[in-house]
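K.L.:
Following this message is one structure expressed as structure tokens.
Number of protein chains: 2
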Amino acid sequence: MVETRRQQIDSVAGALFRERGYAATSVRDIAQRSGIQGASLYAHVASKEDVLWSIVQGAARRFHDAASAVSEHTDLTAADRLRRMIQAHVAVVTDDLGQASVFLHEWRHLSDSRRAAVLAARDTYERRFRQVIEDGQRSGGFATVEAGLVTRAILDALNGICGWYRPDGRSSPTQIADHYAELFIHALKSTPEDPP
Amino acid sequence: MVETRRQQIDSVAGALFRERGYAATSVRDIAQRSGIQGASLYAHVASKEDVLWSIVQGAARRFHDAASAVSEHTDLTAADRLRRMIQAHVAVVTDDLGQASVFLHEWRHLSDSRRAAVLAARDTYERRFRQVIEDGQRSGGFATVEAGLVTRAILDALNGICGWYRPDGRSSPTQIADHYAELFIHALKSTPEDPP
DNA sequence: CCTACCGATCGGTAGG
DNA sequence: CCTACCGATCGGTAGG
Chain G
1 MVETRRQQID SVAGALFRER GYAATSVRDI AQRSGIQGAS LYAHVASKED VLWSIVQGAA
61 RRFHDAASAV SEHTDLTAAD RLRRMIQAHV AVVTDDLGQA SVFLHEWRHL SDSRRAAVLA
121 ARDTYERRFR QVIEDGQRSG GFATVEAGLV TRAILDALNG ICGWYRPDGR SSPTQIADHY
181 AELFIHALKS TPEDPP
Chain C
197 MVETRRQQID SVAGALFRER GYAATSVRDI AQRSGIQGAS LYAHVASKED VLWSIVQGAA
257 RRFHDAASAV SEHTDLTAAD RLRRMIQAHV AVVTDDLGQA SVFLHEWRHL SDSRRAAVLA
317 ARDTYERRFR QVIEDGQRSG GFATVEAGLV TRAILDALNG ICGWYRPDGR SSPTQIADHY
377 AELFIHALKS TPEDPP
């Protein structure tokens, strides 16, 4: 699969923004690693912020699509849906660490309206996780702890993966996802001895 | 308690670095919010990086001291020590959001040697958490899951708090800490039905 | 702690 | 996609 120059710019910039942060990365850095002159970058993009926006939109779509695919399985138990959502999230993160961590950490450098759009998308996504947890509390044997706090704990743990995951490390993405899913599902399952 | 100008610079810079990031914050921004001229900042600090370093060192010390205080209680069970370490960590984070999130996210802008020192300190700190979990697996009824992965899940969840915590929000730092502690301790407790 | 100033680098444009 | 260039801003210094 051949990458167009435009796609190359996004993936190169994604890696650089992840390494150094958006503000500390110059358009010359991006151009150099793409094999062109600094000013030539503007033959492909309108501004540095547009590169960031393109990366952020790409990541947002991948997270959204992954969660949507799980939502279709209305026949599954809450625990099984939560497991699949965790697996899908981990897969998106580990698939493109640059894109994911830019989406998670660099969106504050976007313009006001774009930043607001990102926050709204993240909010919707978080609500999908909370929904599954609340479903499990109503009918799937999940303990009735504060669903909002558990949701944040899970998502922060999953997002933290892009801070330490290495493709050549001990655990594969699948192993990490399975461990995390079991950990949090076990945490949510109310034990028989628990008071009602 | 009166803040010296030097202390004011650190707390002002901590808040700004948290809001905009280190690279996107100018020394003029810090000076202005401190009520002095841009160049006057250099009457108090040698460089912009020294301000970052001072904040990072302060946070590192607070995390270290908080965990050390818990380690002294060798009479407690692993679960109780883990609970206290979680409570201590959440307290440090919520006590000074700027300092904590700069420590967690902006250390990559330090010089090579300072960055290495931060990574070493974080590694030591992480090992303390893993130690308690492994203790619990040996003698405290904790399930024998991958201790490294659980440790990262817990720390990433705790560190994520400084991304959404608001002093005027629903949950107090103590409530958050207690919920998180119960969640993860419950996740670690092996159920009687579990195979050995 | 201030005013005045410096070289370097930034994002971006003109014209080909 | 390149060369040449621009105004703005950056971290930091000199001298008081």
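First to last, the sequence lines map onto chains G and C. So for the first sequence, this note's numbering puts the first residue at 1; every next one is plus one. So for the second sequence, this note's numbering puts the first residue at 197; every next one is plus one. Even glycine gets a Cβ: it sits at the ideal position worked out from N, Cα and C.
1) What does R127 (chain G) reach in chain C if we use C-beta pairs closer than 8 Å?
2) For G163 (chain G) and E19 (chain G), what's the separation of their Cα atoms in angstroms?
3) Taking Cβ positions, are G217 (chain C) and G21 (chain G) nearer each other than 9 Å?
4) Could you tell me whether any Cβ in chain G is nearer than 9 Å to the Cβ of I372 (chain C)?
5) Could you tell me how far apart the beta carbons of F184 (chain G) and Y125 (chain G) are, in whole angstroms, since I believe they sit closer than 8 Å?
6) How long is the line joining the alpha carbons of E302 (chain C) and A219 (chain C), rounded to whole angstroms?
7) Using the beta-carbon count (16 or more within 10 Å), is A265 (chain C) buried or exposed?
8) Rounded to the nearest angstrom, how far is the Cβ of H179 (chain G) from that of L384 (chain C), given a contact under 8 Å?
9) Considering only the beta carbon of each residue, do I205 (chain C) and V247 (chain C) sit closer than 9 Å?
10) Chain C beta carbons: is any one of them nearer than 9 Å to that of G98 (chain G)?
11) Hey, V102 (chain G) and G14 (chain G) are a contact pair by Cβ (cut 8 Å); roughly how many whole angstroms apart?
12) When the cut-off is 9 Å and only beta carbons count, does P195 (chain G) lie next to chain C?
13) Below 8 Å on the Cβ atoms is my guess for Y177 (chain G) versus V90 (chain G); work out the distance and round it to an integer in Å.
14) Measure how close the beta-carbons of V393 (chain C) and A274 (chain C) come, nearest whole angstrom, since I'm counting them as under 8 Å.
15) Kindly provide the ranges of any alpha helix (DSSP H) runs that are 4 or more residues long and lie completely inside the region 213-240 of chain C, ordered along the chain.
16) Out of C:L354, C:Q253, C:A263, which one is the CA nearest neighbour of A313 (chain C)?
17) Would you mind giving the Cβ-Cβ distance between R310 (chain C) and W249 (chain C), rounded to the nearest angstrom? I have them listed as a contact below 8 Å.
18) Please list, in chain order, all residues of the same chain as R108 (chain G) whose beta carbon is under 7 Å from its beta carbon, the five residues on each side excluded.
19) Report the start-end ranges of each alpha helix (DSSP H) in the region 76-104 of chain G that is 4 residues or longer and not cut off at the edges.
20) Taking the C-alpha atoms as reference points, what is the distance between D156 (chain G) and D352 (chain C)?
21) Using the rule of at least 16 other Cβ atoms within 10 Å of the residue's Cβ for burial, across every protein chain shown, is G231 (chain C) buried or exposed?
22) In chain order, which alpha helix (DSSP H) runs of at least 4 residues are fully inside the region 331-390 of chain C?
23) In terms of residues, what are the limits of the alpha helix (DSSP H) holding L248 (chain C)?
24) Less than 7 Å between C-beta atoms, sequence neighbours within five positions excluded: which residues of the same chain meet that for A31 (chain G)?
25) Which term fits G98 (chain G), buried or exposed, when burial requires 16 or more other beta carbons within 10 angstroms of its beta carbon?
26) In whole angstroms, give me the CA-to-CA distance for S368 (chain C) and D276 (chain C).
27) Please state if the CB of R128 (chain G) and the CB of S71 (chain G) are separated by a distance shorter than 9 Å.
28) Using a Cβ-Cβ cut-off of less than 7 Å, give me the residues of the region 8-27 of chain G that come near chain C, in sequence order.
29) In whole angstroms, give me the CA-to-CA distance for S207 (chain C) and Y165 (chain G).
30) Please state the DSSP three-state secondary structure of R318 (chain C).
31) DSSP on S309 (chain C), reduced to helix/strand/coil?
32) Can you pull the chain G neighbours of S367 (chain C), defined as C-beta to C-beta under 9 Å?
33) What does W164 (chain G) reach in chain C if we use C-beta pairs closer than 8 Å?
34) Would you call A120 (chain G) buried or exposed, if buried means 16 or more other Cβ atoms sit within 10 Å of its Cβ?
35) Interface residues of chain C around A157 (chain G) at Cβ under 7 Å?
P.N.:
So, to answer that:
1) The premise fails here: R127 (chain G) is roughly 14 Å from chain C at the closest Cβ pair, so nothing lies under 8 Å.
2) 11 Å
3) yes
4) yes
5) Not confirmed; about 16 Å, so no contact.
6) 9 Å
7) exposed
8) About 12 Å; that fails the 8 Å criterion.
9) yes
10) no
11) 5 Å
12) Annotation note: pLDDT 43 at P195 (chain G) (below 50); position unreliable, no value reported.
13) One point to set straight first is that residue 177 (chain G) is Ala, not Tyr, in the sequence displayed. The pair is a contact, with the Cβ atoms about 4 Å apart (cut-off 8 Å).
14) Any answer about residue 393 (chain C) is impossible in this case: the structure gives chain C only from 197 up to 392.
15) 223-230
16) C:Q253
17) 6 Å
18) R115
19) 78-95
20) 6 Å
21) exposed
22) 343-360, 369-384
23) 244-267
24) Q37, G38, S40, L41
25) buried
26) 21 Å
27) yes
28) G21, A23, A24
29) 32 Å
30) helix
31) helix
32) E146, G148, L149
33) R348
34) exposed
35) A349, D352, A353
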